[in-house]
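Numbering of the sequence shown is given in my numbering, commencing with residue 6 and proceeding in unit increments.
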Amino acid sequence: MDLRRELQRAHDAARPTLATGRVADYIPALGAADPNAFGLALATVDGEVHGVGDWQTDFSIQSVSKLFTLALALATGEAVWHRVGREPSGTPFNSLVQLETEHGIPRNPFINAGAVVVTDRLLTLTGDAAGAVREFLRAESGNPRLDTDLVVAASEAEHGHRNAALAHFIASYGNLENPVEAVLGHYYAHCAITASCRDLALAGLFLARHGVRRNGGRLLSRSEAKRINAVLLTCGTYDAAGEFAYRVGLPGKSGVGGGILAVVPGRGTLCAWGPALDRAGNSVGAVAALDAFTTATGWSIF
Ligand code: DON
């Protein structure tokens with residue numbers, strides 16, 4: 006199969022959908038993104054990379070970072086599953102409603118509340134949660150320039166009343182180990198990392214390689230990698246996870262910067278980016294491109 010040609014076809018088929026989405030502006034620094042930017046990259050388990058469109062342009066990875074915080078927290082051998090669940094929430098990514106009846110234990114590690122708890126754990130384990138994510142992404146992508154955009158991180162912090170509310174609420178149940186301000190600082194700093202489709206496709210390959218990193222070392226056991234992929238499938242795109250599974254048929258993680266990283270276990274990764282989002286906060290163009298690619302090629306887990 007000519008993978009590059011299939012990427013181009015998926016990209017061309019999805020491009021008209023961009024006009025139906027809206028760029029996120031609840032974090033003001035993200036509002037300036039170009040709604041017509043659009044890229045798609047594929048990395049294979051043996052390290053081949055292909056891309057089309059704006060696949061080498063940096064963007065704000067936002068919640069795609071939550072996949073890496075979870076993997077790094079689990080890689081230390083420390084369980085987080087007594088502090089965060091693994092069921093789909095069926096609510097928006099920034100919702101607080103379930104926290105009260107569920108005693109400060111977030112439904113899953115990919116909604117904001119769950120990611121805050123995982124960041125807290127990683128901060129305790131490493132002393133520098135955002136730094137650990139940056140180092141991992143640099144090592145796996147081979148891009149030493151990959152970094153946090155401090156303007157985006159500051160913009161998130163300045164307008165982060167909802168995240169601050171849910172973090173304090175979680176803390177009131179005793180489910181944070183570090184001060185709220187420190188945890189949120191690391192959370193914003195890893196969400197505000199900029200990277201390209203190329204970088205993220207390479208960085209996610211450990212999940213396609215059943216836990217094995219670029220250097221051949223093992224980050225996660227095969228079973229842990231399976232479990233992260235499973236939670237990505239059921240929770241990685243929030244209250245649209247059912248629709249994403251239906252259309253794309255792959256585990257995936259989205260971010261409000263417009264990126265989606267999807268895993269094809271045993272084969273590779275796909276990363277699509279387009280800043281115009283649907284109402285659930287997932288990129289319309291990225292979902293459409295992944296849908297078109299997996300439908301045409303059969304690169305799906307089903
Ligand atoms: O906390 C936030 O709202 C953002 N830093 C991340 C949200 C996000 O990316 C949701 N994804 N679609």
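Here a beta-carbon is modelled for each residue, glycine too, at the ideal position from N, C-alpha and C.
Note that this is a predicted model, so its numbers are computed, not measured.
Original post:
Is the beta carbon of T62 less than 8 Å from the beta carbon of D244?
Top reply: no
**OP:** Would you check whether the ligand DON has a heavy atom nearer than 7 Å to the C-beta of G279?
**Re:** no
Original post:
Excluding the five sequence neighbours on either side, which residues of its own chain have a C-beta within less than 8 Å of the C-beta of G36, listed in chain order?
Top reply: V28, A29 and D30
Original post:
Whose CA, out of F115, R9 and A46, lies closest to the CA of T239?
Top reply: F115
Original post:
Going by the beta-carbon positions, is the gap between T124 and R139 smaller than 8 Å?
Top reply: no
Original post:
Starting from I198 and walking both ways along the alpha helix (DSSP H), at which residues does that stretch end?
Top reply: No alpha helix (DSSP H) contains I198, which is instead part of the beta strand (DSSP E) from I198 to A200.
**OP:** Alpha carbon to alpha carbon, how far is G247 from G2? Give it in angstroms, no decimals.
**Re:** Nothing can be reported for residue 2, as the shown portion of the chain is limited to 6 through 307.
Original post:
Does the distance from the CB of V85 to the CB of A76 come in under 8 Å?
Top reply: no
Original post:
At what residues does the alpha helix (DSSP H) containing V69 begin and finish?
Top reply: Segment: none, V69 is in no alpha helix (DSSP H) and carries neither H nor E.
Original post:
Buried or exposed: which applies to E11, given that a residue is buried once 16 or more other Cβ atoms fall within 10 Å of its Cβ?
Top reply: buried
**OP:** Using alpha carbons as the reference points, say which of A208, A118, P184 and E107 lies closest to S100.
**Re:** A118
**OP:** Could you please give me the residues that DSSP links to A246 through a beta bridge?
**Re:** Answer is none; A246 lacks a bridge partner.
Original post:
Taking the C-alpha atoms as reference points, what is the distance between G52 and L207?
Top reply: 7 Å
Original post:
What are the start and end residues of the alpha helix (DSSP H) that includes L104?
Top reply: V102 to T106
Original post:
Can you check whether the CB of T199 is closer than 8 Å to the CB of F64?
Top reply: yes
**OP:** Tell me where the beta strand (DSSP E) around A267 begins and ends.
**Re:** Here the beta strand (DSSP E) through A267 covers G264 to V269.
**OP:** Examine the Cβ distances between the stretch 36-47 and the stretch 269-278 and report whether three or more of them are shorter than 8 Å.
**Re:** yes
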